[in-house]
Amino acid sequence: MEPRPTPSLLTPVLRVLTGLLGAGSFGTGVLAVFVTQNGTGTGVLLAFGGVLLVLALLGNRIESLELGGASLRLRAAAAERFAAAEESERRGDPTTAGQLRAEAQALLDAAGPIAANYRSVRRSMPPGPDRTRAMQEIVSRARRLSEEQPFEPAEVLRWLREGSDEERVTALAMMQASRELRNFDAALAAIEHSRSAFEQYLAMLLTRLMIDDLDAAQLRRLADIIKSQRGLRFRHDTDRWRLSEEILQRVEGRSDTR
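First residue of the sequence shown: 97, per my numbering; consecutive thereafter.
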């Protein structure tokens, strides 16, 4: 028996509407090339129109389109920053414009490892050491990205509190790499309400890095959360248990010196 073809996500009517919208956006962008000096805005129109035209023409070949997914949200945030950079440029503030463009580019760079790599690894590889190593490599790339590019702390915090699995893991990795991005309350919540064992491990790693900066009340809260998870979310023979031992020992050591 021949396999049944995968139905398109785009119905014929939706493809026609998408094509019309794409053609209009692309045509406006082409016109703007000749009548405006707003290079970024023109580029956004051309790129957006081109994407819509491709979706309309190849809609029957698209098997999955993660509308509302992490990658598209990051790219939307990047587009907003590019637009804000243009506005800052018009107001005569090139410094802010440059910073916004750097943040926008960082968001575009982040969209790749989050949406493509992490989700692909989790879905395509069975649980085990190989999958863990692959996910750790993606996290390492996110850490390097945080070290190389500026990110808005409020945006990274939003990823952790409200984002998809990919955004949450990436936010934890970035907080590990950058002290300016860290948030103690969000890290504790990620330990207590993690969506996966891997996310909980990353949140615990983050709190371990933060121990030297915590006051007495925060140290007690961290110890209580870690103890509440032991035996409930992870057993003695896991990496998380060994990490929890290290965290509790360091918390106790800090408490003894106060």
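Just so you know, even glycine gets a beta-carbon here, dropped at the ideal spot from N, CA and C.
In terms of residues, what are the limits of the alpha helix (DSSP H) holding residue 297? For the purposes of this step, residue 297 is taken as the residue at position 201 of the sequence shown. First-last of the alpha helix (DSSP H) with residue 297: 293-306.
Which whole-angstrom value describes the C-beta separation of residue 286 and residue 299, a residue pair presumed to lie in contact below a C-beta threshold of 8 Å? As a working note, residue 286 is residue 190 in the sequence shown. As a working note, residue 299 is residue 203 in the sequence shown. At roughly 4 Å, the Cβ-Cβ gap stays under 8 Å, so residue 286 and residue 299 are in contact.
DSSP beta-bridge partners of residue 326: Position 230 of the sequence shown, counted from the start, is the residue given in the question as residue 326. 330.
Reduced DSSP secondary structure (H/G/I, E/B, other) of residue 311: In the sequence shown, counting from the first residue as 1, residue 311 sits at position 215. Note: residue 311 maps to coil in three-state DSSP.
Buried or exposed: residue 174, going by 16 or more other Cβ atoms within 10 Å of its Cβ? Taking the first residue of the sequence shown as position 1, residue 174 is located at position 78. Burial call: buried.
Please report the distance separating the alpha-carbon of residue 334 from that of residue 326. For the purposes of this step, residue 334 is identified with residue 238 of the sequence shown, where counting begins at 1. For the purposes of this step, residue 326 is identified with residue 230 of the sequence shown, where counting begins at 1. Between residue 334 and residue 326, the C-alpha separation is close to 10 Å.
Near residue 321, which residues of its chain fall below 6 Å by C-beta distance, leaving aside the five closest residues on each side in sequence? The sequence position of residue 321 within the sequence shown is 225, counting from 1. Within the same chain, residue 321 has close Cβ partners 284, 287, 288.
By DSSP, does residue 351 sit in helix, in strand, or in coil? Counting from one through the sequence shown, the residue named residue 351 turns up at place 255. Three-state DSSP puts residue 351 in a helix.
Using DSSP with H/G/I as helix, E/B as strand and the rest coil, what is residue 336? For this step, residue 336 is matched to residue 240 along the sequence shown. Note: residue 336 maps to helix in three-state DSSP.
Whole-angstrom distance between residue 242 and residue 236, CA atom to CA atom: For the purposes of this step, residue 236 is taken as residue 140 along the sequence shown, with counting starting at 1. For the purposes of this step, residue 242 is taken as residue 146 along the sequence shown, with counting starting at 1. One C-alpha to the other measures close to 10 Å.
Please report how far the alpha carbon of residue 225 lies from the alpha carbon of residue 316, in whole angstroms. On the sequence shown, position 129 is the one that residue 225 refers to. On the sequence shown, position 220 is the one that residue 316 refers to. The straight-line gap from Cα to Cα measures roughly 33 Å.
Could you give the residue range of the alpha helix (DSSP H) that holds residue 189? The residue given as residue 189 occupies position 93 in the sequence shown. Premise fails: residue 189 is in no alpha helix (DSSP H) and is neither H nor E.
Local conformation of residue 274 per DSSP, three classes: Here residue 274 corresponds to residue number 178 of the sequence shown, with the count starting at 1. Looking at residue 274 - three-state DSSP - the assignment turns out to be coil, as it is neither helix nor strand.
Top-ranked residue by Cα proximity to residue 281, from 347, 178, 292, 310: By one-based count along the sequence shown, residue 281 stands at place 185. It is 310 whose Cα lies nearest to the Cα of residue 281.
To the nearest angstrom, report how far apart residue 254 and residue 348 are at their CA atoms. One-based indexing of the sequence shown puts residue 254 at position 158. One-based indexing of the sequence shown puts residue 348 at position 252. Their Cα atoms are separated by approximately 31 Å.
Which residue's Cα is closest to the Cα of residue 258: 229, 240, 318, 291? To locate residue 258, count along the sequence shown from 1; it is residue 162. That would be 291, whose Cα lies nearest to the Cα of residue 258.
Check this for me: beta carbons of residue 350 and residue 307, under 8 Å apart or not? Mapped onto the sequence shown, residue 350 falls at position 254. Mapped onto the sequence shown, residue 307 falls at position 211. In contact: residue 350 and residue 307 (Cβ atoms closer than 8 Å).
Which term fits residue 191, buried or exposed, when burial requires 16 or more other beta carbons within 10 angstroms of its beta carbon? Position 95 of the sequence shown, counting from 1, holds the residue named residue 191. The residue in question, residue 191, is exposed, as its Cβ has fewer than 16 Cβ neighbours within 10 Å.
By how many angstroms is the C-alpha of residue 256 removed from the C-alpha of residue 346? On the sequence shown, residue 346 is found 250 positions in, with the first residue counted as 1. On the sequence shown, residue 256 is found 160 positions in, with the first residue counted as 1. One C-alpha to the other measures close to 25 Å.
Would you kindly check if the distance between the Cβ of residue 239 and the Cβ of residue 270 is under 8 Å? What you label residue 270 is simply residue 174 of the sequence shown in a count that begins at 1. What you label residue 239 is simply residue 143 of the sequence shown in a count that begins at 1. Cβ atoms of residue 270 and residue 239: closer than 8 Å.
Considering only C-alpha positions, which residue in the set 318, 249, 193, 260 is nearest to residue 343? Position 247 of the sequence shown, counted from the first residue, corresponds to residue 343. Considering only alpha carbons, the answer is 318.
Kindly indicate which three-state DSSP category residue 260 falls into: helix, strand or coil? Locating residue 260 in the sequence shown gives position 164, counting from the first residue. Of the three classes helix, strand and coil, the one that applies to residue 260 here is coil, per DSSP.
My guess is that residue 246 and residue 199 are in contact by the Cβ rule of under 8 Å, so how many angstroms apart are they, rounded? If you number the sequence shown from 1, residue 246 lands on position 150. If you number the sequence shown from 1, residue 199 lands on position 103. Right, the Cβ-Cβ distance comes to about 6 Å (below 8 Å), so this counts as a contact.
Would DSSP call residue 248 helix, strand or coil? Indexing the sequence shown from 1 puts residue 248 at position 152. For residue 248, the secondary structure class from DSSP, reduced to helix, strand or coil, is coil.
Please classify residue 177: is it buried, with 16 or more other beta-carbons within 10 angstroms of its beta-carbon, or exposed? Here residue 177 refers to the residue found at position 81 of the sequence shown. Buried: at least 16 other Cβ atoms inside 10 Å.
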